[in-house]
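Trainee: Can you read through this structure? Questions will come right after.
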Amino acid sequence: MILTRNWFALLPAILLCACSTVKFYTQAIGGQTEIWRKARPNEQVLADPTVAEKVKQRLRLIEELRTFAASDLRLPTKSFGKYCDLKRPYVVWVVYAAPEFSAEGKTWWYPLVGGLKYRGFFTERDAKQEADKLKEKGYDVFVGGVEAYSTLGYLADPVLNTFLHRSDAELAELIFHELTHAKVFVPGDTDFNEAFATANAEDGVRRWLRAKGNVRGLRAYEQSLNKSREVVRLMLSTRERLKKVYAATHASVEAERLAKSRVFDGMLKEAADIGPYVKLHIHHAPETWNNARLNTVATYYTMVPGFERLLKEKSGDLEAFHREVAAMRKLNNEQRMKILGTTPSHD
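Residue numbers -24 to -1, 1 to 323, in mature numbering (1 follows the signal peptide of the UniProt record, and there is no 0), belong to the letters of the sequence shown in order.
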């Protein structure tokens, strides 16, 4: 999830919105204010004898990661200098939606950042209420808890208790991912922004592990990525099959729903045949598989191979890579997709 800039700058836009939109921004301002109020500088937390050692250990690691991000990854490190314990498992709950017979996600417009393919809420109750409204309008909907988000470097985002449970490599990937959003962000292109942050963060983790001489950790990280990619490939191929279903002519809505259901049933069967890791992830809450849930993966991974290829073309030169990506801000979404080896869908 991405939030941005001074909330007071949003007030004129909020005053012109419908009541439901005013409610959304009000809860967003309240949630962000809670984080500001509870955040303390890392050095204060590290010196506090009442703070658990496991929290301090993660903060020390994050300080190491921030230093590496600045020196080796050329990333801005304004964020993660403070710590905030929200005493809940997620910082926000995000709503994704898509039409019943379309693989393309619904987009919400926000001041300053343009269209994004999700709506974030600081309470699960509010997220579920929004999801119920969308379901009543006929949308496929998925709600998921999120452990971190970025304000794109406009604000100094703190470390949150919600993501300290991650392994060292997973924590490094999250930190590098969110810092990447502050490096380059294209308003209105969710897929581009998230895929760039994903590719850049994964590369950053590899560099960090190599710099530490952690061969075993690097091998484990690569194995983890390979397993995750199996899940991603299955989900993206399922999405492509659905596009063909939606593009076809059907005798009735019921027939189209049946064809859609068969695609998802096929995905579950294929997951079981591939192996236990894929089955574990795909078969989790199988009743929630729909267009919206598939888009949570498409948003983050569809363009990743294109960014990986671009970084390779730059011989691993991060400054050249980042300049090339930043230059794409001048292009439209379709032009960026073409450069990155993907094509826009029109289902």
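The beta carbon of each residue, even a glycine, is placed where N, CA and C say it ideally should be.
For G317 and G292, which I take to be in contact (beta-carbon distance under 8 Å), what is that distance rounded to the nearest angstrom?
Mentor: Actually they do not touch by this definition, with Cβ atoms about 19 Å apart.
Trainee: Between the Cα of W12 and those of A132, E106, G114, spot the shortest distance and give me the residue it belongs to.
Mentor: It is A132 whose Cα lies nearest to the Cα of W12.
Trainee: Looking only at its chain, what residues have a beta carbon closer than 7 Å to the beta carbon of A171, apart from the 5 residues adjacent to it on each side?
Mentor: Answer for A171: Y276, Y277, T278, M279, V280, F283, listed in chain order.
Trainee: I need the boundaries of the alpha helix (DSSP H) containing W184, first residue and last residue.
Mentor: 166 to 187 is the span of the alpha helix (DSSP H), which, as asked, contains W184.
Trainee: For P281, name the three-state secondary structure that DSSP assigns.
Mentor: Helix at P281.
Trainee: By how many angstroms is the C-alpha of S126 removed from the C-alpha of V181?
Mentor: Their backbone Cα atoms lie some 19 Å apart in a straight line.
Trainee: Would you be able to state if there are at least three C-beta pairs under 8 Å between the stretch 99 to 107 and the stretch 293 to 307?
Mentor: Judged by Cβ distances under 8 Å, the stretch 293 to 307 makes no contact with the stretch 99 to 107, as fewer than three pairs qualify.
Trainee: On the CB-based measure, 16 or more other CB atoms within 10 Å of its CB, does D249 come out buried or exposed?
Mentor: Looking at its Cβ environment, which holds fewer than 16 other Cβ atoms inside 10 Å, D249 is exposed.
Trainee: Starting from A21, trace the alpha helix (DSSP H) in both directions and tell me its first and last residue.
Mentor: Note on residue identity: the sequence assigns Val, not Ala, to residue 21. 18 to 23 is the span of the alpha helix (DSSP H), which, as asked, contains V21.
Trainee: Are the stretch 23 to 41 and the stretch 92 to 100 touching, with three or more C-beta to C-beta distances below 8 Å?
Mentor: With a cut-off of 8 Å, the stretch 92 to 100 and the stretch 23 to 41 do not count as touching, because too few Cβ pairs lie within range.
Trainee: Below 9 Å between beta carbons: does that hold for A79 and N267?
Mentor: Cβ atoms of A79 and N267: closer than 9 Å.
Trainee: Report the three-state DSSP secondary structure of G120 (helix, strand or coil).
Mentor: Of the three classes helix, strand and coil, the one that applies to G120 here is strand, per DSSP.
Trainee: Under the rule that 16 or more other beta-carbon atoms within 10 Å means buried, what is W69, buried or exposed?
Mentor: Looking at its Cβ environment, which holds 16 or more other Cβ atoms inside 10 Å, W69 is buried.
Trainee: List in chain order: all unbroken beta strand (DSSP E) runs of 3+ residues lying wholly within the stretch 53 to 134.
Mentor: Runs of the beta strand (DSSP E) inside the stretch 53 to 134: 58 to 60, 68 to 75, 84 to 86, 90 to 92, 95 to 97, 115 to 122.
Trainee: Using the rule of at least 16 other Cβ atoms within 10 Å of the residue's Cβ for burial, across every protein chain shown, is P134 buried or exposed?
Mentor: Buried, since its Cβ has 16 or more Cβ neighbours within 10 Å.
Trainee: Taking the alpha-carbon positions, what's the W85 to K93 distance?
Mentor: Their backbone Cα atoms lie some 9 Å apart in a straight line.
Trainee: Are there 16 or more other CB atoms within 10 angstroms of the CB of A(-16), so buried, or fewer, so exposed?
Mentor: In this prediction, A(-16) scores a pLDDT of 35, lower than 50, which makes its location untrustworthy; the coordinate-derived value is nonetheless stated afterwards. So A(-16) ends up on the exposed side.
Trainee: If you count every other CB in all the chains shown that lies within 10 Å of the CB of A158, and 16 or more means buried, which is it?
Mentor: Under this definition A158 is a buried residue.
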